[in-house]
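Chemist: The sequence shown begins at 1 in full-length UniProt numbering and counts up one residue at a time.
Here a beta-carbon is modelled for each residue, glycine too, at the ideal position from N, C-alpha and C.
Have a look at this one.
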Amino acid sequence: MASAIIAITILAYRGLTISAAVERLLTTNFGEAVSVMGPVQQDTRTEQEIETLVNQLNTERTKLIRVVLQTEYICGVETEQLGRMDTAQLKVLLVQHPEWEAKVTSTDTLQLKQRVDDLSPICKHQAYISIDADGNLNLYEGKPAEENVIRTFFQLDVGTLESSLPDGVLEQLQEGIRVQDKDEYDSVISTFSDFAVDEKHRLLRNGG
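Written out as structure tokens, the structure is:
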């Protein structure tokens, strides 16, 4: 936190804009940045589990099953139609991707779900991190004024934040800080976790 504050203070002293200071803040290499979602666990799916899923689908094994893949990102969700598959193809797919959650949504539809520890392509173009009226640090799809909150991280100690950082940084956060990739996302969360009301979030960067 101290290094981030010093960096912003120096930039402000040199007459750079608050936006430039925040940009420098976001591109700082925080080695301790913690991923909120964490790594995807690679499990195995047993033959019995596969049979149970298949048996929930149409009992006429000659009919094709509609398969839908939903990808959940840190920010954003995408749905892809994988087409129709016969029972043999479906079993192969389930064996190849045990990390995908599988759910039968109707007698002829299987929904698969995977989680990706990244921003979706759409969010990379329009994701913002900002603070709401209650001091909560939120991830928004689109500008914060549109109030499309995707995720709430933690509540900030606004008083400490305002007194610790140069003038204008809080206003910049209220307007919204654009995050265009995972590194920027992690850097913002890691930096502002130092000002979290909840002690456990202040320890994120130190591995606590």
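1) Would you report the Cα separation of Ala145 and Gln174, rounded to the nearest angstrom?
2) Just verifying my parser: in three-state terms, what is the DSSP assignment at Leu70?
3) Do the CB positions of Leu110 and Leu53 come within less than 8 angstroms of each other?
4) If we require 4 or more residues per run, which alpha helix (DSSP H) segments fall completely within the region 65 to 132?
5) When DSSP labels each residue in this structure, what does Gln174 get in the three-state scheme?
6) Under the DSSP definition of a beta bridge, which residues are partnered with Thr152?
7) Please confirm whether Asp183 and Leu119 have their CB atoms less than 8 angstroms apart.
8) Of all the options Pro121, Phe192, Thr79, which has the alpha carbon lying nearest to the alpha carbon of Phe154?
9) Pair every Cβ in the region 103 to 117 with every Cβ in the region 162 to 169, then say whether three or more of these pairs are closer than 8 angstroms.
10) Can you name the start and end residues of the alpha helix (DSSP H) that Glu51 belongs to?
11) Name the one or two DSSP bridge partners that Ala196 has.
12) Keeping to the same chain, check which residues put their C-beta closer than 7 angstroms to that of Gln56; ignore five residues upstream and five downstream.
13) Restricting to Cα atoms, I'd like to know which of Ile129, Glu60, Glu162 is closest to Ser190.
14) Short check: CB of Ile50 to CB of Lys113, under 8 angstroms?
Modeler: In this structure, then:
1) One C-alpha to the other measures close to 9 angstroms.
2) The sequence as given places Gln at residue 70; Leu does not occur at that position. Of the three classes helix, strand and coil, the one that applies to Gln70 here is strand, per DSSP.
3) Yes, the Cβ-Cβ distance between Leu110 and Leu53 is below 8 angstroms.
4) Taking only runs of at least 4 residues, the alpha helix (DSSP H) segments lying wholly in the region 65 to 132 are 87 to 96, 123 to 126.
5) Correct three-state label for Gln174: helix.
6) According to DSSP, Thr152 bridges with Asn138.
7) No. Outside cutoff.
8) Looking at the Cα atoms, Phe192 is the closest of the given residues.
9) No, the region 103 to 117 is not in contact with the region 162 to 169.
10) Here the alpha helix (DSSP H) through Glu51 covers 47 to 56.
11) Under DSSP, the beta-bridge partners assigned to Ala196 are Leu156.
12) Same-chain partners within the cutoff: Val104.
13) Of the candidates Ile129, Glu60, Glu162, Ile129 places its Cα closest to the Cα of Ser190.
14) Going by C-beta atoms, Ile50 is not nearer than 8 angstroms to Lys113.
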